[in-house]
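See below for the structure under consideration.
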Amino acid sequence: MDVSGLNRPAPLLFEDEVDSTNLRIRDLARDGAVEGTILFAAAQTAGRGRMGRSFLSPPGGLYASMLLHASEEPARDLTLTPGVAVAVSRAIRRVSGVACGIKWPNDLILQNKKLCGILVESFTVGARRELVIGIGINVNTETFPPSLVTAISLYQATGQRCALEPLACALTEELDRFIAAWRADSACVLKDYRRLCLNLGRTVRLSDGRMGTAVDVDEAFRLLVRFPDGSEEAVSYGEVSVRGLYGYV
Ligand code: BTN
88 MDVSGLNRPA PLLFEDEVDS TNLRIRDLAR DGAVEGTILF AAAQTAGRGR MGRSFLSPPG
148 GLYASMLLHA SEEPARDLTL TPGVAVAVSR AIRRVSGVAC GIKWPNDLIL QNKKLCGILV
208 ESFTVGARRE LVIGIGINVN TETFPPSLVT AISLYQATGQ RCALEPLACA LTEELDRFIA
268 AWRADSACVL KDYRRLCLNL GRTVRLSDGR MGTAVDVDEA FRLLVRFPDG SEEAVSYGEV
328 SVRGLYGYV
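Counting in this note's numbering, the sequence shown runs from 88 upward without gaps.
Below, the structure is given as C-alpha cells:
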C-alpha cells in the first residue's frame, strides 16, 4: 500500500495476513511501538470480535488496529469505542460515498446489516495500561457464509469494488483527527453520533427482558431508554440488545 502522502509521527504497518491485528499490536507495544502506531492486515486467520466471538476476516476486507495509551479514567475510555464508530463512518463516506448508520454502541450498519465491527481491548505493558482500537470493515467481500446472514460488505451494498488503499488513508486521517479532538473533549462527536444512531426512536430490549424506546444518547454515550410506565434509565454498553435491526424481529 502506498500511504506516503500521510504525514504522521507514528508508523503505519502492513501485513498480508496475521492471526489478529489486535494481538499483533500487543506484541508491537511490548517491543516498544509508539502510540498511534497502526497495523493494517489484508486478512486475519483469527480475527477477534466482541464478547469472545470471532470476526471473519477474509481477503477483501480492511482490518486495522491502532495503539493508544489508556487515559487515567477508565470511564473516559468507554467513550472511545462509539466515537471511533463515527470516525470510521466518516472515512467510509469520504471514500465510497456510502452513508452508514450506527447500532448502539458501535456497529456500523448498512441496509440493516453489519458492515463494520469495532473492538477496543486493554492490556498492560509493564505498569502501563494500553489500548488497542481494532476495526474490521467488510469492503469487497462477495459472499458470507450462511451463518453470517447479518453481515454485509460495501461491494454487496453498492455493486462496486472499493480500493483499500484510499480507504486505509481516509481511516488513518479520520482516526488521527478524532483522537486529537477526543483528548480535549470525550463527547466531541456526540452530535454526529446521535444523528447516526439507528436505535433512537426504536424499541430496544434490555438483557433483563425489559422493553422500552431508545430516546437519547448521553455524554457518556449511554443509551437513554424510556419504559412504558414513563420512567427512564441510562444504560451502559453490554446491557442492551436491539430489536428491529439486522432483520431481527
Ligand atoms: C465485533 O463486532 O465483534 C468487533 C469486531 C472487531 C474486528 C476487528 S478486525 C481488526 C481487529 N483485529 C481483531 O482481531 N479484531 C479487530
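C-beta: ideal position from N, C-alpha, C; glycine also. Nothing here was measured: the structure is a model prediction, and the numbers come from that model.
- The closest heavy atom of the ligand BTN lies 8 Å or more from the beta carbon of F231.
- Taking the Cβ of F314 as the reference point, every heavy atom of the ligand BTN lies at 8 Å or farther away.
- Assignment of beta-bridge partners to Y150 by DSSP yields A128 and G223.
- Excluding the 5 residues flanking it on each side, D263 has same chain C-beta neighbours closer than 7 Å at R95, in chain order.
- Here R292 carries a strand assignment [DSSP, helix/strand/coil].
- About 13 Å separates the CB atoms of C203 and N227; that is not less than 8 Å, and the two are not in contact.
- For V207, the secondary structure class from DSSP, reduced to helix, strand or coil, is strand.
- Secondary structure of G299 (DSSP, three-state): strand.
- Contact check for R309 and T300: beta-carbon distance about 15 Å, past the 8 Å limit, so the pair fails to qualify.
- Excluding five sequence positions before and after V207, the CB atoms of its chain that fall closer than 8 Å to its own CB belong to D164, L167, T168, V171, L218, V219, I220 and G221, given in chain order.
- Taking a contact to require three or more Cβ pairs closer than 8 Å, the segment 279 to 294 and the segment 209 to 216 do not qualify as touching.
- Put simply, the backbone Cα of A133 is about 10 Å away from that of E104.
- Under the three-state reduction of DSSP, V322 is assigned to strand.
- The C-alpha of R180 lies about 32 Å from the C-alpha of E160.
- Boundaries of the alpha helix (DSSP H) around F265: L251 to A271.
- In this structure, the CA atom of G148 is about 11 Å from the CA atom of I239.
- Within a 10 Å sphere around the beta-carbon of E261 sit 16 or more other beta-carbons, which makes this residue buried.
- Annotation: the continuous alpha helix (DSSP H) that includes D279 extends over L277 to L283.
- In the DSSP assignment, D194 forms a beta bridge with K190.
- Using a cutoff of 8 Å, the CB of A130 does not count as near the ligand BTN, since none of the ligand's heavy atoms is closer than that.
- For L154 against G188, the beta-carbon gap comes to about 28 Å, at or over 8 Å, which does not count as contact.
- In the structure shown, R180 falls within a helical segment according to DSSP collapsed to helix, strand and coil.
- Spanning the alpha carbons of A186 and V121 requires a straight line of approximately 32 Å.
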